[in-house]
Structures are given as C-alpha cells and as structure tokens.
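All you need for my numbering is the position in the sequence shown, starting with 1, plus 275.
Here a beta-carbon is modelled for each residue, glycine too, at the ideal position from N, C-alpha and C.
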Amino acid sequence: MITISNDEARSHGGISPRLHGKSNVFTCGSVQTLILVEDVDMLFLEDRGCIAAIQHISETAKGPIILTSNNSFARLHVSFSLPLLDELLSHMYMVCVTEELNNNPLLLKKFIQSCDGDIRKTIMQLQFWFQSKKYKIDRKVQVYGSLPFDLEACPHIIPKIPWSYPSELSKLIEKKITNSITIMEENPCLQGLVNK
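Now the structure itself:
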C-alpha cells in the first residue's frame, strides 16, 4: 500500500513527483498496490494539478484507489439489501470457476440456502469445505475423496447471529450521525455552507 498523505503530496511546485512516477505508484512486483490519498478535501492554491493527477492515476491504475475526506456533512446514504438467490448463485459459481473448483450448481444453491443468503458466510463455508479437501505434498496439491457437506449439520456448527443482536459499532455510528444531524439542525449557518 502506498500512502500519500496531504502533507507528503504537497511541494513547492504543486504536487510531488511521487504522484507522477509510474514506477513508484503502479508497480510493486507481483503484489497489487493500493493507492491511498488522504484529505482530498483540503486542497490549497499551491496544490494545483492535484485533482488532475489523481484523475490521471485513476484512469491508468490497475489497482484500487481510496480517497479520504474529513468533510462529515456531505454524506451519501447507502442502503443495502440481501441479493436474490439467482444473483448470489451466479456470483458463487463465478468464485468457484475463478478458484478452479469443480462444483455442482445444485450444491451451491444448498450452500446459499443453508447460509440464509449471507454472502460472507457462504464464501467462508465454501472456502472451509474446499480447503478441507486439499493438502500439499512437495508443492503439489493433493486431493483426497470428495467430502460430503452435511447441510443438516451446518446450522449447528456455525451459529446464526440474530439481527437484533446489539452491535457496539452500530450504536456508536448511530450516535455520531444523530449528533451531526442535531448540530446541523441547530446551526443554520452550517446548512448554508452545505447547500453551497
């Protein structure tokens, strides 16, 4: 991971040469590089060309790019819903094909149903099941017998976390959001800044 903080990215001529150096940012052997640019909302006059450089990097980079910001008022509300069974089945099948695992679509469907459509849980189950079938000798993968997956035992082995289970992180996030909304409602000057 290459971290380019706001302080490091600033130089006398605008952005530092580190952003422009293709060999420094994009290639790191066979390891995929994550580009992290912090505080993109804190641009100054001497930072001219920074946004253009970030845009150029995003167009040419083959890896993920993460931009962080300290602006807590420009929020994007995102709601998530469980995927449909057919969507999840096609994604799980693609995971199996990518990992070169020979799997029956009916068995995948049973996996998904036993995990109640939970993507993470389904992938973890598949990984656990297929890794238990392989072991290595002299760097060659040896496969022994097709281990049956007992769908009846699955709910007893892996505990199901109820939706009503209290999460400290979600409580903290809810508290922060409520405080931000309260501050915005109490101070109309801040609302004018957000609207501009």
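query	result
CA nearest to the CA of Thr373, picked from Gln402, Ser389, Leu360, Ile329	Gln402
Simplified DSSP state of Val372, which is helix, strand or coil	helix
Proximity winner among Pro339, Ala336, Ile394, Gln307, relative to Glu362 (alpha-carbon distances)	Ile394
For Gly338 and Ile290, the rounded distance between their alpha carbons	With a pLDDT of 44 at Ile290, under the threshold of 50, the modelled position of this residue cannot be trusted, and the question is left open.
Beta-carbon proximity check, Ser344 vs Val315, cutoff 7 Å	yes
Three-way DSSP call (helix, strand, coil) for Leu357 in this model	coil
Residue span of the alpha helix (DSSP H) that contains Leu318, given as start and end	Unbroken run through Leu318: none, as it is neither H nor E.
Cβ pair Gln406, Phe386 closer than 7 Å	no
Minimum C-alpha distance to Ile310 - residue among Gly324, Ile448, Thr453, Ala328	Ala328
Buried/exposed call for Leu364, threshold 16 Cβ in 10 Å	buried
Run of the beta strand (DSSP E) containing Leu311, from where it starts to where it stops	310-312
Beta carbon of Leu357 nearer than 7 Å to that of Gly324	no
Buried versus exposed call for Ser354 [16 or more other C-beta atoms within 10 Å across all chains shown]	exposed
Asn454: first and last residue of the uninterrupted alpha helix (DSSP H) it sits in	443-461
Closest residue to Leu360 among Thr308, Cys390, Lys451 (Cα-Cα distance)	Cys390
Alpha-carbon to alpha-carbon, Tyr368 and His295	Note that His295 scores a pLDDT of 42, beneath 50, so its modelled location is shaky; the value from the coordinates is reported in the next line. Those two C-alpha atoms are separated by around 40 Å.
Paired residues, beta bridge with Leu342 - DSSP	Val312
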